[in-house]
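Undergrad: Residue numbers (the numbering used here): 64 to 343. For every residue, glycine included, the Cβ atom is placed at its ideal position computed from N, Cα and C. As the structure is a prediction and not an experimental result, all values here were calculated from the model.
1) Tell me whether the segment 212-219 and the segment 168-182 touch, counting them as touching only if at least three CB pairs, one residue from each stretch, are closer than 8 Å.
2) Would you call the segment 228-242 and the segment 191-206 touching, i.e. three or more CB-CB distances under 8 Å?
3) The alpha helix (DSSP H) with residue 205 in it runs from where to where?
4) Look at residue 179 and residue 156 and say whether their C-beta atoms are less than 8 Å apart.
5) So, for residue 293: in the same chain, excluding its five sequence neighbours on each side, which residues have a beta-carbon less than 6 Å away from its beta-carbon?
6) In angstroms, rounded to a whole number, what distance separates the CA positions of residue 151 and residue 94?
7) Considering only C-alpha positions, which residue in the set 143, 209 and 306 is nearest to residue 124?
8) Return the chain-ordered list of same chain residues with a C-beta closer than 8 Å to the C-beta of residue 269, the five sequence neighbours on each side being excluded.
9) Does the Cβ of residue 106 have 16 or more other Cβ atoms within 10 Å, making it buried, or fewer, making it exposed?
10) For residue 308, I'd like the list of residues in its chain whose CB is within less than 8 Å of its CB, leaving aside the five on either flank, ordered along the chain.
11) DSSP three-state call for residue 242: helix, strand or coil?
12) Since residue 298 is in the alpha helix (DSSP H), which residue starts that stretch and which ends it?
13) Using the Cβ count rule (16 or more neighbours within 10 Å means buried), how would you classify residue 128?
14) Could you give the C-beta distance for residue 158 and residue 177, rounded to a whole number, given that I count them as a contact under 8 Å?
Written out as structure tokens, the structure reads:
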């Protein structure tokens, strides 16, 4: 089973690497990340964002925003970036590697071979969202970002599966489950909502044609008024356990923040299966 870009990326530190990094943690400058950025870090490291190995450096950023491709030509519609303030830029500008930590100061990952660069927020907003109107949720986020971006390769130290660890599978784990179940032909269904009759119709229709169905709700920050993550999962548990054919459906979350980027988000690749069809 091919990954987007040709190879499944896995950037999780071995036990020996982790011990060595943590032993020398006091030598690294740090950046504190919120929960949504930490989800991006883990998605990079686990291969969800294959072929990305880290947060985008400048050449990839410019190409993705303007042409929806990485610098090597691979289709990639949304820039996965880490923004920083002028104060942080001054503090880490001479560093090669930095530690990324959570709000408690605990190390999450090492960001290696960093490159800091400035960027144009108007350019980013207009190209990715098709507008600079700050009433758009995605555009709002752009103009709240720091003035600089820092790119670099991820080495994950904290592979905790929060939230919902029972459904938080890596691409490699999903493929193993497919293999164990003998699934060859698989349909994938992404959503940010609880299921409704239209979703049920599409899923049941797919089940008539495939060996298995992989349902993957987006679990992360959404707009006010969207369904809570817990309600989405509970509703799918009921649907799968009571109304769908036994052992023909796998439920697994996609932990990331909604960008509300329209067509670009529809093309947002994730390397769980050959092809993922996002839907609202």
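TA: Quick answer:
1) yes
2) no
3) 200-207
4) For the 8 Å CB-CB criterion, residue 179 and residue 156 form a contact.
5) none
6) In this structure, the alpha-carbon of residue 151 lies about 8 Å from that of residue 94.
7) Nearest of 143, 209 and 306 to residue 124, Cα basis: 143.
8) Hits under 8 Å: 250, 252 and 276.
9) buried
10) 270
11) Residue 242 carries a helical assignment under DSSP once its states are collapsed to helix, strand and coil.
12) 292-306
13) buried
14) Contact holds; Cβ gap of about 6 Å.
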